[in-house]
Amino acid sequence: MSIVSFIYDKANISTENYCLFETQGVIQNDGNNVQNQSIGRFDLMHDGSAYLLIGTNRLAGKIVPLKKAIAVSQKVLSHDKDKSSTSPNNEYVDVDYNIKAIIKYKFLFNKRPDLIL
Numbered sequence: 059m060s061i062v063s064f065i066y067d068k069a070n071i072s073t074e075n076y077c078l079f080e081t082q083g084v085i086q087n088d089g090n091n092v093q094n095q096s097i098g099r100f101d102l103m104h105d106g107s108a109y110l111l112i113g114t115n116r117l118a119g120k121i122v123p124l125k126k127a128i129a130v131s132q133k134v135l136s137h138d139k140d141k142s143s144t145s146p147n148n149e150y151v152d153v154d155y156n157i158k159a160i161i162k163y164k165f166l167f168n169k170r171p172d173l174i175l
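Mind the numbering: the sequence shown is residues 59 to 175 in my numbering, read in order.
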């Protein structure tokens, strides 16, 4: 039987900033890989409002707290671990997930985009 462990250590929580974007609809591309590519420009105003410019579309949004916080985790494979490690029930621990960050807020873009010409 496999056991999955979630490891939360405040000393190891990343100081990097993570954020969550929620949009109405789908952001589509032409089928190319968008990894490490810029998809648009994000502007955050002092009053908590935000703008996301993608191509000729501008989405207006705001920052809102999440109802439940979300953990950003990183999987640690079993071959990276000491094979002799066991759980309190003497069952082998296959996988660990290290908690890297906790997200408590999101940027909500729930209105239709404005067309910028």
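Yeah, the Cβ is synthetic: ideal placement off N, Cα and C, and Gly gets one too.
As the structure is a prediction and not an experimental result, all values here were calculated from the model.
Given that a residue counts as buried once 16 or more other Cβ atoms are within 10 Å of its Cβ, and exposed if not, what is Gln-82? As a working mapping, residue 82 is identified with position 24 in the sequence shown. The residue in question, Gln-82, is exposed, as its Cβ has fewer than 16 Cβ neighbours within 10 Å.
Taking 6 Å as the limit between beta carbons, can you name the residues of its chain near Leu-117, skipping five residues before and five after? Numbered from 1 along the sequence shown, position 59 holds the residue referred to as residue 117. Hits under 6 Å: Leu-110, Phe-167 and Pro-171.
Using only CA atoms, which one of Gly-113, Leu-102 and Ile-128 lies nearest to Ile-121? Mapped onto the sequence shown, residue 121 falls at position 63. The residue with the shortest Cα to Cα distance from Ile-121 is Leu-102.
Is the separation between the beta-carbon of Tyr-50 and that of Ile-161 shorter than 8 Å? Outside the displayed range of the chain (59 to 175) lies residue 50, so it cannot be described from this structure.
Can you check whether the CB of Glu-80 is closer than 8 Å to the CB of Lys-164? As a position in the sequence shown, residue 164 is number 106, starting the count at 1. As a position in the sequence shown, residue 80 is number 22, starting the count at 1. Yes; because the gap between Cβ atoms is below 8 Å, this pair is in contact.
Return the CA-CA distance between Asn-115 and Val-84, expressed in angstroms with no decimal places. By one-based count along the sequence shown, residue 115 stands at place 57. By one-based count along the sequence shown, residue 84 stands at place 26. Taking the straight line joining both Cα atoms gives about 13 Å.
Short of 6 Å in beta carbon distance, which residues of its chain neighbour Pro-123, apart from the five on each side in sequence? Order them along the chain. To locate residue 123, count along the sequence shown from 1; it is residue 65. Excluding sequence neighbours, Pro-123 sits near Tyr-163.
With which residues is Asn-75 paired in a DSSP beta bridge? In the sequence shown, the residue the question calls residue 75 occupies position 17. In the DSSP output, where bridge partners are listed per residue, Asn-75 has none listed.
I'd like the list of long-range same chain contacts for Ile-112, defined as Cβ closer than 7 Å, with 5 residues on each side in sequence excluded. The residue given as residue 112 occupies position 54 in the sequence shown. So the qualifying residues of the chain are Ile-85, Ile-97 and Gly-98.
Can you check DSSP and say which residues form a bridge with Ala-159? Your numbering for residue 159 matches position 101 in the sequence shown. According to DSSP, Ala-159 bridges with Val-130.
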